[in-house]
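To convert, note that position 190 of the sequence shown is 189 in numbering that gives the first Met the number 0; the numbers rise steadily by one, no gaps.
Glycine included, each C-beta is placed from N, C-alpha and C at the ideal position.
Given the structure is predicted, the values throughout are model-derived calculations rather than measurements.
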Amino acid sequence: MYNKKSGQKIIFGTDGWRGLIDTEVNDETISVVARAFADYLYSKDLSNIKVAVAFDGRTNSKIFAEKFSQVLSANSIEVYLSNQITPTPILSFFVRKNSLNAGVMITASHNPPQYNGVKFKAHYGGPLLTEETKAIEDFLYLRSYSYDDSRIQIVNMIEPYFHHISRLVEFDRIRDARIFPLIDSMGGAGQDLIQKILNENGINADSIFSIPDENFQNRHPEPIEKNLIPLSDRLKSSNHYSIGLATDGDADRCGVVLESGQWLSAQEVILYLIDYIVNEKKFDGHIVKTSSVTDKVYRFQTVERKVYDVQVGFKYICEKMISENIAIGCEESGGFGFKFHIPERDGILSSLFI
Numbered sequence: 000m001y002n003k004k005s006g007q008k009i010i011f012g013t014d015g016w017r018g019l020i021d022t023e024v025n026d027e028t029i030s031v032v033a034r035a036f037a038d039y040l041y042s043k044d045l046s047n048i049k050v051a052v053a054f055d056g057r058t059n060s061k062i063f064a065e066k067f068s069q070v071l072s073a074n075s076i077e078v079y080l081s082n083q084i085t086p087t088p089i090l091s092f093f094v095r096k097n098s099l100n101a102g103v104m105i106t107a108s109h110n111p112p113q114y115n116g117v118k119f120k121a122h123y124g125g126p127l128l129t130e131e132t133k134a135i136e137d138f139l140y141l142r143s144y145s146y147d148d149s150r151i152q153i154v155n156m157i158e159p160y161f162h163h164i165s166r167l168v169e170f171d172r173i174r175d176a177r178i179f180p181l182i183d184s185m186g187g188a189g190q191d192l193i194q195k196i197l198n199e200n201g202i203n204a205d206s207i208f209s210i211p212d213e214n215f216q217n218r219h220p221e222p223i224e225k226n227l228i229p230l231s232d233r234l235k236s237s238n239h240y241s242i243g244l245a246t247d248g249d250a251d252r253c254g255v256v257l258e259s260g261q262w263l264s265a266q267e268v269i270l271y272l273i274d275y276i277v278n279e280k281k282f283d284g285h286i287v288k289t290s291s292v293t294d295k296v297y298r299f300q301t302v303e304r305k306v307y308d309v310q311v312g313f314k315y316i317c318e319k320m321i322s323e324n325i326a327i328g329c330e331e332s333g334g335f336g337f338k339f340h341i342p343e344r345d346g347i348l349s350s351l352f353i
């Protein structure tokens with residue numbers, strides 16, 4: 000649909016909507032999308048609709064989150080707005096834990112700093128499926144928007160998440176192994192959260208680029224080898240860090256650098272994580288991977304445990320996770336989802352499992 004002020008189109012992709020800040024993503028277009036989302040929710044014949052809204056540290060993310068929340072509130076929707084910069088998986092967990100109808104994340108994920116956008120989350124704590132995202136797009140510009148803040152509650156989404164994952168992570172094993180990680184949140188929404196939860200459990204950890212930065216320290220906030228040279232260099236020059244862990248712009252993906260400074264590809268990380276989940280954690284259930292993930296994953300297939308192969312895009316992994324008993328879902332870009340958690344990529348929990 001066209002942005003009536005600028006002539007730009009609002010075009011949704013596979014994981015929501017992204018565009019250039021100001022020219023494509025601005026107060027008007029955010030408000031238009033918010034009104035369309037409200038109309039979409041009402042089209043589901045829902046009553047007492049409740050939605051969580053969170054934001055990363057990109058330019059204007061907080062302002063856009065407030066605008067989005069005010070449009071929802073003006074349409075008689077109860078809104079739980081995060082009180083601080085929050086990673087996408089924490090928003091998704093908050094939606095599921097509190098049995099909300101949906102979640103909205105203001106972020107452009109791993110895209111360059113000049114972009115922003117919106118991710119939509121369903122009641123189950125994972126991405127909306129393709130047909131649902133298309134349905135939101137169909138409501139664009141059908142009705143005018145207005146603002147109201149009477150139904151907005153400011154909430155802390157991070158503390159409940161910490162409590163939950165503390166029951167999943169074996170901190171005693173990390174302590175006993177004397178692992179000392181260095182974490183690079185790339186100036187994104189991951190901030191110092193991994194370090195904080197490790198420190199709270201008696202584990203030494205340090206962070207670099209943990210303060211949110213609109214420009215991501217002049218990097219694309221995607222945790223791949225070429226973007227993690229500062230982390231690699233720090234590990235090479237140090238003699239006390241055991242491993243380097245990185246999260247992307249909204250902390251739903253992770254990257255790994257070894258003690259030597261060598262990059263560990265996502266394909267290798269996938270195999271290590273699956274081995275840990277099924278052989279160490281003993282999570283029962285099947286494995287789902289995207290088609291671009293190494294076929295070495297089939298090594299873990301047994302009579303009881305299937306390996307499902309789906310098309311590229313975590314929403315297709317999510318679809319399997321909400322319909323089947325899945326122990327772990329993995330994609331080639333460093334996104335992992337786990338049983339007993341949410342059907343969603345989580346770079347924080349993935350890093351702690353690694």
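Following the DSSP letters along the chain, one finds A35 inside the alpha helix (DSSP H) bounded by residues 26-42.
Listed in chain order, the non-local C-beta contacts of D274 below 8 Å within the same chain comprise F299, local neighbours out to five positions each way being set aside. For the options E318, D283, V309, the alpha carbon positioned closest to that of V302 is the one of D283. Across the structure, V268 and C329 are spaced so that their CA atoms are roughly 10 Å apart.
Taking a C-beta distance under 9 Å as the contact criterion, V50 and L139 do not qualify as a contact pair. In the displayed model, M104 falls within a strand according to three-state DSSP.
The residue among N74, A134, V292, E323 with its C-alpha nearest the C-alpha of T13 is A134.
The Cβ neighbour count for G336, taken over all protein chains shown within 10 Å, is at least 16; the residue is labelled buried. Within the same chain, R252, A265 come within 7 Å of S332 by CB-CB distance, once the 5 residues on both sides are set aside. Taken atom to atom, the span from the alpha-carbon of S184 to that of D212 is near 10 Å. In this structure I29 is in contact with F63, their Cβ atoms being roughly 5 Å apart against a cut-off of 8 Å. Taking C-beta atoms as the reference points, Q152 and L40 fail to come closer than 9 Å. DSSP places H219 in the coil class of the three-state scheme, outside both helix and strand.
The alpha helix (DSSP H) runs lying completely inside the segment 241-315 and spanning 4 residues or more are 265-274, given in chain order. Taken in chain order, the complete alpha helix (DSSP H) segments of 4 residues or longer contained in the segment 94-181 are 129-136, 157-164, 170-175. Straight-line spacing of the CA atoms in D148 and S72 works out to 6 Å.
For Q194, the closest alpha carbon among the candidates E27, L348, T293 is that of L348. Closest in C-alpha terms to L19, from the list S60, I48, D44, comes S60. Counting other Cβ atoms within 10 Å of its Cβ, G186 reaches 16 or more and is therefore classed as buried.
Under DSSP, no beta-bridge partner is assigned to A204. In summary, D232 is exposed, with fewer than 16 beta-carbon neighbours lying within 10 Å of its beta-carbon over all protein chains present. Under the three-state reduction of DSSP output, K49 falls in the strand class. If you draw a straight line from the Cα of Y160 to the Cα of F93, it is about 7 Å long.
The count of Cβ pairs closer than 8 Å, one atom from the segment 197-216 and one from the segment 166-184, reaches three, so the stretches are in contact. Looking at the DSSP output, G333 sits in no beta bridge, so it has no partner there.
Setting aside the 5 residues that flank it on each side, G346 is surrounded in the same chain by T246, A250, D251, R252, C253, each with a C-beta closer than 6 Å to its C-beta; the list follows chain order.
The DSSP-derived three-state label of I228 is helix. For E224, same chain residues with a beta-carbon under 6 Å away, outside a window of 5 residues either side, are W262 in chain order. E27 and E136 have their C-alpha atoms some 16 Å from each other. Annotated as proximal: F119 and P126, with beta-carbon spacing under 9 Å. Partner residues in the beta bridge of E77, as assigned by DSSP, are K49. Contact between V255 and I286 is ruled out by a C-beta separation of about 19 Å, above the 8 Å threshold.
DSSP places A64 in the helix class (H, G or I) of the three-state scheme.
Separation of the CB atoms of E343 and G124 is rounded to 6 Å, and the pair is thereby assigned contact status at 8 Å. DSSP lists I207, A245 as the beta-bridge partner residues of D183.
Scanning its chain for C-beta atoms nearer than 6 Å, with the 5 sequence neighbours on each side dropped, one finds no residue around Q83.
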